[in-house]
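Comments concern the structure below.
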Amino acid sequence: MAMGKKQALYEEQMSKIGKVRNELGQLSGKSALYCSDASIARYLIARNWDVKKATKMLKKTLKWRSEYKPDEIRWDDISDEAVTGKIYRTDYFDKSGRSILVMRPGCQNTKNANGQVKYLVYCMENVILNLPHGQDQMVWLIDFAGFNLGNLSIHVTKLTADVLQGHYPERLGVAILYNAPKFF
């Protein structure tokens, strides 16, 4: 791509980020901190650079964050979910510099859907806090060793998908399925 086209694309993207900011209005506190240019860009990318759709999605996330308070979840709140090591952040990075989140659904140890989602949110927030500067995405290594259909909950799967798709757009760089069951 020629330099002039890159500059024009950058300017168009920054213009759309500015339009989302205008649509959001005056933000304060945690909402203002959350709405960095990079964060707004992720929502725009997730909605194919459609300002209205991205703004609507981001407003829902800001409301969710103010009610759910993912940044205030503490270890004591989720430690029962963590006993088996079913989800954890490694200290390693892939060759693109992305943090790695390991998920082991075969190690599921509880039936509490809200607790399971809260633990996932805690882990996502932890990975995001530990992403290298300039990196917005992560790798999921999903190890299905020990997994069986008894580990699967449609309710938890739906809650998880809703949270991840609605409030963590463009955070997944790549997902690696290891020991995947044949039905995958």
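Residue 181 is where the sequence shown ends in my numbering, and the numbering goes up by one at each step. Glycine included, C-beta positions come from ideal geometry on N, C-alpha and C.
Contact check, residue i vs residue j, beta carbons under 8 Å
i: A29; j: Y40; result: no
i: G170; j: M121; result: no
i: H164; j: A110; result: no
i: M54; j: A38; result: no
i: F141; j: P166; result: no
i: W46; j: K13; result: yes
i: P67; j: V118; result: yes
i: K83; j: R101; result: yes
8 Å contact criterion, which residue i and residue j should meet: CB distance rounded
i: V124; j: V160; result: The pair is not a contact, with the Cβ atoms about 14 Å apart (cut-off 8 Å).
i: F144; j: G103; result: 4 Å
Proximal residues to residue i (C-beta, below 6 Å), its chain only, five neighbours per side dropped
i: L59; result: S28
i: Y85; result: V99
i: E20; result: T52
i: W61; result: H164
N- and C-terminal bounds of the alpha helix (DSSP H) containing residue i
i: W137; result: Here W137 belongs to no alpha helix (DSSP H); instead the beta strand (DSSP E) covers 135 to 140.
i: I173; result: Note, I173: premise wrong, no alpha helix (DSSP H); beta strand (DSSP E) at 169 to 175.
i: I75; result: 72 to 79
i: N123; result: 110 to 126
i: E69; result: That residue, E69, is in no alpha helix (DSSP H); it is neither H nor E in DSSP.
i: L41; result: 34 to 43
i: K155; result: 151 to 164
i: L30; result: 26 to 31
Element boundaries [beta strand (DSSP E), containing residue i]
i: I97; result: 96 to 100
i: R86; result: 84 to 90
Same chain only: Cβ atoms within 7 Å of residue i, ignoring 5 sequence neighbours per side
i: D91; result: I97, V136
i: Y89; result: I97
i: R24; result: The question names Arg, yet the displayed sequence has Leu at residue 24. Closer than 7 Å at Cβ, skipping near neighbours: C32.
i: A172; result: W137, I139
i: N156; result: Strictly speaking, residue 156 in this sequence is Leu, with Asn absent from that position. The residues are A110, V114.
i: N127; result: R86, S96
i: L6; result: none
i: N148; result: P102, G103, Q105
Residues near residue i in its chain [Cβ-Cβ closer than 8 Å; skip 5 each side]
i: G112; result: I75, D77, E78
i: V80; result: N106
i: Y175; result: L138, I139, D140, F141, A142
i: D133; result: A35, R39, E167, R168
i: Q10; result: A38, L41, W46
Residue i: CB within 7 Å of a non-hydrogen atom of the ligand NAP
i: P166; result: With respect to the ligand NAP, the structure offers nothing, as it holds no ligand at all.
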